[in-house]
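Reviewing the structure listed below.
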Amino acid sequence: ALQLLAGVGPKTAGRILDNVASAAPGAALLAEQPVPEGARAAWAEFSALVEMVGQSGANWPAPFEKVGQWYIVQLERLHEDAAIRQGDIVQLAQIAATYPSRERFLTELTLDPPEATSDQSGIPALDEDYLILSTIHSAKGQEWTAVSILNAVDGCIPSDLATGSAEEIEEERRLLYVAMTRARDTLDIVTPQRFYVTQQGGLGDRHLYGSRTRFIGNAMLPCFEQLAWPVPPEGQRGSPESKQAAVDLAQRMRDMWR
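The sequence shown stops at residue 266 when you use the numbering used here, and every number in between is there.
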């Protein structure tokens, strides 16, 4: 606390503490200590504050409130973000008021100190990982390093509610172009192979096959790297060179009824 005062450095603070520790107990000795010129104006107030805090009969949490008021003045002189730090002091004062005594408050604070204090939200650090979820309309004018376009199937892009006229379909095409051009480095277009029908338990586990959006035709596919997920095991991947014999399903069914 001594070094919070203007003009008081580690050497001066150490000398004052050594003098006080070697003398008989009493805060009056603190007020008599020689201090640098820069600290003289605030020295009397600081000494009186130390004397008040040292009185065991002080009504808690009044000492904390007095210390907080004094510390806020020092914050305004020492820190550019004094307003944010003042919020921490106010919050700590509210917590201190919930304890019956100074000893109990300091014990709890020592055993379970906070890991950090809050601050105003700002620009995320470069090492922070985060995801931005946006509609295509809201993405206009934006740009991101990597963009993933979901549900690039007919019925979603274009929407089945926006195919009533050629103008509506062209507007949907323009929206897909807007979404694709938001990517700076990486663009993923996700085309689901099937959609499951939900909330129709009586009809069983039904699903519908998805059709790739009409805006990405077969002629455009060589421009994309096509990947499937999940990737089938190596032994189950089909190929034109597969030598596995074809199954005569009709003959197998007839054999079952013989």
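Backbone N, C-alpha and C define an ideal beta-carbon position, used for all residues, glycine too. All values derive from a computational prediction rather than experimental measurement.
Q) Which one of 196, 48, 76 has the shortest CA to CA distance from residue 234? A) One-based indexing of the sequence shown puts residue 234 at position 226. With distances taken between Cα atoms, residue 234 lies closest to 196.
Q. So, are the CB atoms of residue 147 and residue 187 less than 8 Å apart?
A. Here residue 147 refers to the residue found at position 139 of the sequence shown. Here residue 187 refers to the residue found at position 179 of the sequence shown. Yes, they are a contact pair.
Q. With a Cβ-Cβ cutoff of 8 Å, do residue 101 and residue 73 count as a contact?
A. Along the sequence shown, one-based indexing puts residue 101 at 93. Along the sequence shown, one-based indexing puts residue 73 at 65. Closer than 8 Å, so yes.
Q) Among 139, 199, 168, which residue has its Cα nearest to the Cα of residue 154? A) The residue given as residue 154 occupies position 146 in the sequence shown. The candidate whose alpha carbon is nearest that of residue 154 is 139.
Q: Just grab the DSSP bridge partners of residue 152 for me.
A: On the sequence shown, position 144 is the one that residue 152 refers to. Beta-bridge pairing links residue 152 to 191.
Q.
If distances are taken between C-alpha atoms only, which option among 23, 191, 93, 217 comes closest to residue 202?
A. Taking the sequence shown and counting its residues from 1, the one referred to as residue 202 is at position 194. Checking every option, the nearest Cα to that of residue 202 belongs to 217.
Q) Could you check where the alpha helix (DSSP H) with residue 260 kicks off and where it finishes? A) As a working mapping, residue 260 is identified with position 252 in the sequence shown. Run containing residue 260: 257-264, per the alpha helix (DSSP H) assignment.
Q) Would residue 51 be called buried (16 or more neighbouring beta carbons within 10 Å of its own) or exposed? A) Within the sequence shown, residue 51 is the residue found at index 43, counting from 1. So residue 51 ends up on the buried side.
Q. Exposed or buried, residue 40, counting other C-beta atoms within 10 Å across all chains shown (16 or more means buried)?
A. Residue 40 sits at position 32 when you count from the first residue of the sequence shown. By the 10 Å Cβ count, residue 40 comes out exposed.
(Q) Check for me: the alpha helix (DSSP H) holding residue 79 runs from which residue to which? (A) Residue 79 sits at position 71 when you count from the first residue of the sequence shown. Where residue 79 is concerned, the enclosing alpha helix (DSSP H) stretches over 70-86.
Q: Sort out for me which residues DSSP pairs residue 231 with in a bridge.
A: Walking along the sequence shown from the start, residue 231 turns up at place 223. Looking at the DSSP assignment, residue 231 forms no beta bridge with any residue, so it has no partner.
Q | Selection from 149, 180, 221 that minimises the alpha carbon distance to residue 192 | A | As a position in the sequence shown, residue 192 is number 184, starting the count at 1. Residue 192 has its Cα closest to that of 149, out of 149, 180, 221.
Q) By DSSP, does residue 185 sit in helix, in strand, or in coil? A) Residue numbering aside, residue 185 sits at position 177 when the sequence shown is read from its first letter. In the structure shown, residue 185 sits in a helix (DSSP, three-state: H, G or I).
Q.
Measuring only the C-alpha atoms, how far is residue 118 from residue 205?
A. Position 110 of the sequence shown, counting from 1, holds the residue named residue 118. Position 197 of the sequence shown, counting from 1, holds the residue named residue 205. Answer to the nearest angstrom: the Cα atoms are 57 Å apart.
Q. Would you report the Cα separation of residue 11 and residue 46, rounded to the nearest angstrom?
A. The residue labelled residue 11 in the question sits at position 3 within the sequence shown. The residue labelled residue 46 in the question sits at position 38 within the sequence shown. Their backbone Cα atoms lie some 12 Å apart in a straight line.
Q. Alpha carbon to alpha carbon, what distance is there between residue 26 and residue 20?
A. Walking along the sequence shown from the start, residue 20 turns up at place 12. Walking along the sequence shown from the start, residue 26 turns up at place 18. One C-alpha to the other measures close to 10 Å.
**Q.** Buried versus exposed, by CB contacts within 10 Å (16 or more), residue 180
**A.** In the sequence shown, residue 180 corresponds to position 172, counting from 1. Buried: at least 16 other Cβ atoms inside 10 Å.
Q.
Could you give the first and the last residue of the continuous beta strand (DSSP E) run that contains residue 93?
A. Sequence index remark: in the sequence shown, residue 93 carries index 85 (1-based). Taken as a continuous stretch (DSSP letters only), residue 93 belongs to no beta strand (DSSP E), being part of the alpha helix (DSSP H) at 90-104.
Q: Measure the alpha-carbon distance for residue 229 versus residue 256 and round it to whole angstroms.
A: Numbered from 1 along the sequence shown, position 221 holds the residue referred to as residue 229. Numbered from 1 along the sequence shown, position 248 holds the residue referred to as residue 256. Between residue 229 and residue 256, the C-alpha separation is close to 34 Å.
Q) Which residues bound the alpha helix (DSSP H) around residue 10? A) Position 2 of the sequence shown, counting from 1, holds the residue named residue 10. Here residue 10 belongs to no alpha helix (DSSP H), and DSSP marks it neither H nor E.
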